[in-house]
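Trainee: Counting in this note's numbering, the final residue of the sequence shown is number 406, and the numbers go up one at a time with none missing.
Would you mind keeping the following structure in view while I ask a few things?
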Amino acid sequence: MGKGTVSKKHRAQGLTWIYRFQATRASDGKRVERTKVIGLVKDIGSSEAAAWREVGRLGLDNNFDQGSGSPTFRELADHFRHHELKKERGIGVKAEETVSTAELLLDKWILPRWGGKAAADIKPLEIEAWFEALTSEPHGKKNAPLSWGTIAKLKSIMAQVFKHAQRYELIPATIGHDGRPTNPVVLARSESDSSYEAAVVSPEQMIIILNELNTPETCLEWTLALVHAATALRPEEAFGLQWGDIDWLNGQIHIRRGWSKGKETKGKNKVSMSQVVMHPALAQALQAWREESSYYRDTDWIFASTRTKGKTPRSAGVAAQDYLRPAAVKAGVIPKDYKGRFGFHNLRHSLATFFGNNDVNLPVIQSMLRHAKPTTTAVYLHRVNATQMAAQAKYLEAIKVTSAAV
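Listed below in structure tokens is the structure:
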């Protein structure tokens, strides 16, 4: 079995998508190229993604090439990329950030080790030994062992590849003693706990951070920190905000897009693309920034980059590294030589911790964080608006941001 390629070819009926793949010729055992017609470009679409969807729908790549033996893990991973990881619509569409992370893990760690091996020959104990080697020996640019948190991500991606291949019947779904399909990655043991614990900012420390950023030159950074702290927006959601997303009348901020790694995204998931409450004190702070900003139209980015003349938002990484992190050091959140992760996402953890310590009930916290928990989120999303506003007010008061103080 091989991934193959898709390409356009002029035929009598019009521009046509062609699927090319390698197969073993029965007469002499030689590897030769085969082709199958997918369909007309005008009917399928002009993008490769559309062509691959049609390949999958027609089942053109689901047949084993018996002469080539058992498929390699790389072949299964390629099929997973085209038919699941990069799926654009339907069941199981993944966020761009998720796709990017999965591809990085596949290309940097998983495929170099397992890509050339027949998938059927990969055993749980081999995978366990690999995990142990990765966590006990130095690797990569940092020349350090991987954390068990990273191993958990590698394990998840590998397991998804096997599960995908079994679902598409590319490999047998072996049945275990419990009657369920087995998966060598799932059977491999790993440490479940990650050593990473997000640094949490207390309200007292947040006051110091805001004071450090409260200068005429850092009005954007002050507002950026406040918005993250008071709403628990994910960084890609906050940087993706435009002025037209603010509902001043009803006290809401609508999440309609994300911005990550220099491009617009569709956000993390459907639940996250909703809205968060905006207390009058927060609204006043945003209005003050709008009056200061050169980019104030409804279609302008709220946190626009002056370097690109407002065409894109600021860089989240640069803003965190150059402004938030030094302020956090001053506030005593992290030491100056801190090597761990610290950025705007830590403020999301901090708000959740504050709510948990101040008797805000769990459904309200889940709805404000917009986690993809349908049984909880769907029930409370439209019912807790007043409670959310009160919860946000409690936090704003704790960091001494009130309507009069802004």
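The C-beta atom is built at its ideal place from N, Cα and C for all residues, glycine as well.
If I'm right that S70 touches A119 with Cβ under 8 Å, what's the distance once you round it to whole angstroms?
Mentor: Their Cβ separation, rounded to whole angstroms, is 6 Å, which keeps S70 and A119 in contact under 8 Å.
Trainee: What separation, rounded to the nearest whole angstrom, lies between the Cα atoms of V379 and L362?
Mentor: Note on V379: pLDDT 31, under 50, position unreliable in the model; the coordinate value appears next. In a straight line, the C-alpha of V379 is about 13 Å away from that of L362.
Trainee: Beta-carbon within less than 7 Å of R383's beta-carbon, same chain only, minus the 5 sequence neighbours each way: which residues are those?
Mentor: Residue confidence is low: R383 scores 43 on pLDDT, short of 50, so the model does not pin down where it sits. No coordinate-derived value is stated.
Trainee: Shortest alpha-carbon distance to N189 belongs to which of L154, W222 and S202?
Mentor: Per the sequence shown, residue 189 should be read as Arg rather than Asn. Of the listed residues, the one whose Cα sits closest to R189 is L154.
Trainee: When you compare only the Cα positions, how much space is there between E169 and S136?
Mentor: Roughly 36 Å between the two C-alpha positions.
Trainee: K212 and K330: beta carbons closer than 7 Å?
Mentor: Reading off the sequence, residue 212 comes out as Glu, not Lys. The answer is yes: Cβ separation under 7 Å.
Trainee: Assign W17 to one of three DSSP states: helix, strand, or coil.
Mentor: Three-state DSSP puts W17 in a strand.
Trainee: Which word fits H82, buried or exposed, when buried means at least 16 other C-beta atoms lie within 10 angstroms of its C-beta?
Mentor: Classification for H82: buried.
Trainee: Should A129 go down as buried or exposed, given a rule of 16 or more other Cβ atoms within 10 Å for buried?
Mentor: Exposed, by the Cβ-count rule.
Trainee: Between which two residues does the alpha helix (DSSP H) carrying R167 extend?
Mentor: Segment W148 to R167, the alpha helix (DSSP H) holding R167.
Trainee: State the Cα-Cα distance for the pair I171 and E126, rounded to the nearest angstrom.
Mentor: Those two C-alpha atoms are separated by around 19 Å.
Trainee: Starting from R113, trace the alpha helix (DSSP H) both ways and give me its first and last residue.
Mentor: Taken as a continuous stretch (DSSP letters only), the alpha helix (DSSP H) holding R113 covers L111 to W114.
Trainee: With H, G and I counted as helix, E and B as strand and the rest as coil, what does DSSP make of G92?
Mentor: G92 falls in the coil class under three-state DSSP.
Trainee: Helix, strand or coil for S7, going by three-state DSSP, please let me know.
Mentor: Here S7 sits in strand by DSSP.
Trainee: Do I38 and E48 have their CB atoms nearer than 7 Å?
Mentor: For I38 and E48, no; Cβs fall outside 7 Å.
Trainee: Within the segment 200–239, note down every full alpha helix (DSSP H) run reaching 4 residues or more, in order along the chain.
Mentor: Here the runs fully enclosed are 203–213, 219–231 and 235–239.
Trainee: Report yes or no: do three or more beta-carbon pairs, one from the segment 255–270 and one from the segment 234–247, lie closer than 8 Å?
Mentor: As far as the Cβ criterion goes, the segment 255–270 touches the segment 234–247, which means the pair count is three or higher.
Trainee: Distance check for N143 and K36, CA to CA, integer angstroms please.
Mentor: Approximately 47 Å, taken between the alpha carbons.
Trainee: Helix, strand or coil: which one does DSSP assign to Q392?
Mentor: Three-state result, Q392: helix.
Trainee: Could you give the residue range of the beta strand (DSSP E) that holds H279?
Mentor: No beta strand (DSSP E) contains H279, which DSSP labels as neither H nor E.
Trainee: Where DSSP assigns a beta bridge to S260, which residues make up the other side?
Mentor: S260 is bridged to K263.
Trainee: Do N346 and A230 come within 7 Å of each other at the CB atom, strictly closer than that value?
Mentor: Contact flag unset, no.
Trainee: Using DSSP with H/G/I as helix, E/B as strand and the rest coil, what is D247?
Mentor: Reduced to three states, the DSSP call for D247 is strand.
Trainee: Rounded to a whole number of angstroms, what is the C-alpha to C-alpha distance between R74 and N183?
Mentor: For R74 and N183, the distance between alpha carbons rounds to 16 Å.
Trainee: Give the straight-line distance between the Cα atoms of L40 and V99, rounded to the nearest whole angstrom.
Mentor: In a straight line, the C-alpha of L40 is about 28 Å away from that of V99.
Trainee: Nearest by alpha-carbon distance to A232: which of C219, I253 and W243 is it?
Mentor: With distances taken between Cα atoms, A232 lies closest to I253.
Trainee: When burial is assigned at 16 or more other CB atoms within 10 Å of the CB, is K268 buried or exposed?
Mentor: Burial call: buried.
Trainee: Is A320 closer than 7 Å to F344 when the C-beta atoms are compared?
Mentor: Yes, Cβ-Cβ distance for F344 and A320 is below 7 Å.
Trainee: Can you tell me the Cα-Cα spacing of Y295 and A316, whole angstroms?
Mentor: So the two alpha carbons sit approximately 18 Å from each other.
Trainee: Please report how far the alpha carbon of V32 lies from the alpha carbon of G90, in whole angstroms.
Mentor: Taking the straight line from one Cα to the other gives about 35 Å.
Trainee: So, for L76: in the same chain, excluding its five sequence neighbours on each side, which residues have a beta-carbon less than 8 Å away from its beta-carbon?
Mentor: Contacts found: A119, V161, F162, H164, A165, L170 and I171.
Trainee: Using the Cα positions of S202 and I399, report the straight-line distance between them to the nearest angstrom.
Mentor: If you take the alpha carbons of S202 and I399, they lie about 9 Å apart.
Trainee: In this structure, does DSSP put A304 in helix, strand or coil?
Mentor: Looking at A304 - three-state DSSP - the assignment turns out to be strand.
Trainee: Determine, using beta carbons only, whether L105 and A281 come nearer to each other than 7 Å.
Mentor: In this structure, A281 does not lie closer than 7 Å to L105 by Cβ.
Trainee: Buried or exposed, going by whether 16 or more other CB atoms sit within 10 Å of the CB of T223?
Mentor: Buried, since its Cβ has 16 or more Cβ neighbours within 10 Å.
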